[in-house]
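**Q** After the structure tokens below, expect a handful of questions from me.
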Amino acid sequence: MKDEARSRKSELAEHLKVSILTLRLQPGVDLDEAHLSEAFGLSRTPLREVFRQLAGEGYLDQRANRSTRVSEMSHTTLRDFFLAAPMVYGAILRLAARNALPDQIDALKDAQRSFCSALQSGSAEDRALANNRFHDVTGQMSGNVYLLPSFNRLLIDHARIGMTFYRPRNAGLTENLSEASRQHDAIIAAIEAGDEAAAAQLAEDHWNLSRDQIELFVMPDALDVPMGVPPLSKPA
Numbered sequence: 073m074k075d076e077a078r079s080r081k082s083e084l085a086e087h088l089k090v091s092i093l094t095l096r097l098q099p100g101v102d103l104d105e106a107h108l109s110e111a112f113g114l115s116r117t118p119l120r121e122v123f124r125q126l127a128g129e130g131y132l133d134q135r136a137n138r139s140t141r142v143s144e145m146s147h148t149t150l151r152d153f154f155l156a157a158p159m160v161y162g163a164i165l166r167l168a169a170r171n172a173l174p175d176q177i178d179a180l181k182d183a184q185r186s187f188c189s190a191l192q193s194g195s196a197e198d199r200a201l202a203n204n205r206f207h208d209v210t211g212q213m214s215g216n217v218y219l220l221p222s223f224n225r226l227l228i229d230h231a232r233i234g235m236t237f238y239r240p241r242n243a244g245l246t247e248n249l250s251e252a253s254r255q256h257d258a259i260i261a262a263i264e265a266g267d268e269a270a271a272a273q274l275a276e277d278h279w280n281l282s283r284d285q286i287e288l289f290v291m292p293d294a295l296d297v298p299m300g301v302p303p304l305s306k307p308a
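Take 73 as the starting number for the sequence shown in the numbering used here and just add one per residue.
Right, here's the structure in full:
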């Protein structure tokens, strides 16, 4: 009975993660506890245990005396994302090149094969999830207990705001997807060679590839300051 309950909790957690990453559950939406409890055969206590786990990982927001909701994507959080992502991605890949184990490199190659397959015949959701898996493996490679929580939180929003990147609307954007795949191959090679400098440079190149398109997707019409550039300080 305990094993069955554990399995149902795992299924719920995976369902919520995928739904959030692919925007089936929109940022800020309240979760329907009664529906989820019935759908997964879980009582309130194990249901809320899953909510607490996912809140700790950054997928959900829990508020006192209010329903649990999907984590927000406000202008403030998006600005923080654009400021932090290049630094964190670079540090993660540099450490991945230093610390990667052979079985982790094999896992990264498997993730890349899945990504290539999704590019050929998968949906935008398939592509976003495959890309998320690829970068999740690089985070595991880094082996840094301080950076990894921040990196995992970045991956959640990168998947969500990057959904537009995986729905190319013209030939140029389709070529960006091919370039992203080539960069993944180069990242694997740099990590396998233990080349920290090359891995860090590839992190920057990879970020820049999707940044412009993602920036257009999230840019408020009335905002004059580009995402990732801090506003000028007010005069004293």
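Don't be surprised by glycine CBs; every beta carbon is placed ideally from N, CA and C.
1) Pull up the distance between the alpha-carbon of Thr140 and that of Gly234, whole angstroms please.
2) What is the residue span of the alpha helix (DSSP H) that Arg80 lies within?
3) Below 8 Å on the Cβ atoms is my guess for Thr117 versus Leu165; work out the distance and round it to an integer in Å.
4) Taking Gly130 as the reference, which of Asp75, Phe223, Lys74 and Glu251 has the closest Cα?
5) State yes or no: is the C-beta of Ala262 within less than 9 Å of the C-beta of Leu249?
6) Using only CA atoms, which one of Asp175, Phe206 and Asp229 lies nearest to Ala258?
7) By DSSP, does Leu201 sit in helix, in strand, or in coil?
8) Could you round the C-beta distance between Leu108 and Leu97 to whole angstroms and report it? I think they count as a contact, below 8 Å.
9) Could you tell me which uninterrupted beta strand (DSSP E) segments, each at least 3 residues in length, are contained entirely in the stretch 206-241, listed from first to last along the chain?
10) Near Ala202, what residues of its chain come up, given a Cβ to Cβ distance below 6 Å and the 5 sequence neighbours on each side ignored?
11) Considering just the uninterrupted stretch of the alpha helix (DSSP H) at Ala136, what are its terminal residues?
12) May I ask you to verify whether the stretch 166-184 touches the stretch 121-128, counting CB pairs closer than 8 Å and requiring at least 3?
13) Can you list, in chain order, the residues of its chain whose CB lies under 8 Å from that of Ser91, leaving out five sequence neighbours each side?
14) Rounding to the nearest angstrom, what Cα-Cα distance links Ala270 and Ser193 in this structure?
15) Along the alpha helix (DSSP H) that carries Glu144, what are the first and last residues, could you check?
16) Going by Cα to Cα distance, which pick from Tyr238, Leu114 and Ala252 is closest to Ser195?
17) Give me whichever residues DSSP pairs with Leu155 in a beta bridge.
18) CA-CA distance, Asp229 and Asp75?
19) In this structure, how does DSSP classify Leu281 when only helix, strand and coil are distinguished?
20) With a threshold of 8 Å on Cβ separation, who are the neighbours of Arg80 within its own chain once the five nearest residues in sequence on each side are excluded?
21) Thinking C-beta only, is Ala200 closer than 9 Å to Leu103?
**A** Result, derived from the coordinates:
1) Thr140 and Gly234: Cα-Cα distance of roughly 24 Å.
2) Element bounds for Arg80: Lys74 to Leu93.
3) Going by Cβ atoms, the distance from Thr117 to Leu165 rounds to 40 Å, so no, they are not a contact pair.
4) Sorting Asp75, Phe223, Lys74 and Glu251 by C-alpha distance to the C-alpha of Gly130 places Phe223 at the top.
5) With contacts defined by Cβ atoms closer than 9 Å, Ala262 and Leu249 do not form a contacting pair.
6) Comparing Cα positions, the closest option is Phe206.
7) If DSSP states are grouped into helix, strand and coil, Leu201 belongs with the helices.
8) Wrong, their Cβ atoms sit about 11 Å apart, outside the cutoff.
9) List check, beta strand (DSSP E) in window: nothing returned.
10) Hits under 6 Å: Ser186, Phe187 and Ala190.
11) Per DSSP, Ala136 belongs to no alpha helix (DSSP H) and is neither H nor E.
12) With the cut-off at 8 Å, the stretch 166-184 and the stretch 121-128 do not touch.
13) Only residues of its own chain outside the window of five on either side were considered, and among them Leu97 have a CB closer than 8 Å to the CB of Ser91, listed in chain order.
14) Going from the Cα of Ala270 to the Cα of Ser193 covers about 31 Å.
15) Premise fails: Glu144 is in no alpha helix (DSSP H) and is neither H nor E.
16) Minimum Cα-Cα distance from Ser195 among the listed residues Tyr238, Leu114 and Ala252 corresponds to Tyr238.
17) Looking at the DSSP assignment, Leu155 forms no beta bridge with any residue, so it has no partner.
18) Roughly 32 Å separates the two Cα atoms.
19) Three-state result, Leu281: helix.
20) If the five residues before and after Arg80 are omitted, its C-beta is found closer than 8 Å to the C-beta atoms of Phe112, Gly113, Leu114 and Pro118, all from its own chain and listed in chain order.
21) It is not a contact, given that the beta carbons lie outside the stated cut-off.
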